[in-house]
Amino acid sequence: MNDTLTQLQADMNACRRCLEAGYEIAPGAIYRCGTVRQIMLIGQAPGITEVEARRPFNAGSGRRLFQWL
Numbered sequence: 118m119n120d121t122l123t124q125l126q127a128d129m130n131a132c133r134r135c136l137e138a139g140y141e142i143a144p145g146a147i148y149r150c151g152t153v154r155q156i157m158l159i160g161q162a163p164g165i166t167e168v169e170a171r172r173p174f175n176a177g178s179g180r181r182l183f184q185w186l
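Sequential numbering from 118 applies to the sequence shown in our numbering.
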């Protein structure tokens with residue numbers, strides 16, 4: 118993984134801006150990335166299966182999304 122992406126992940130994991138502003142941050146950001154991707158998918162409000170697996174678009178909605186793509 119390149120240094121820029123590694124630093125971005127570290128910054129995201131360390132971010133406390135929402136918490137300090139009084140917002141609940143559970144479950145926190147769930148993301149997965151690699152260095153050779155040409156597209157980034159961003160979702161909101163991960164479901165229970167995504168939180169448990171720590172993998173975005175893990176369940177039925179993810180299967181449907183990838184069928185559309």
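Idealized CB from N, CA, C, for every residue including glycine.
Would you kindly check if the distance between the Cβ of residue j and the Cβ of residue i is under 8 angstroms?
i: F174; j: L186; result: no
i: R172; j: R149; result: yes
i: I142; j: P163; result: no
Could you have a look at residue i and say whether DSSP puts it in helix, strand or coil?
i: L186; result: coil
i: R172; result: coil
i: Q161; result: coil
i: E167; result: helix
i: G179; result: helix
i: E141; result: coil
i: R149; result: coil
Of all the options the options, which has the alpha carbon lying nearest to the alpha carbon of residue i?
i: I156; options: T121, F183, C132 and C135; result: F183
i: A170; options: P144, R154, Q161 and V153; result: P144
Please list the terminal residues of the continuous alpha helix (DSSP H) segment that includes residue i.
i: A131; result: D120 to A131
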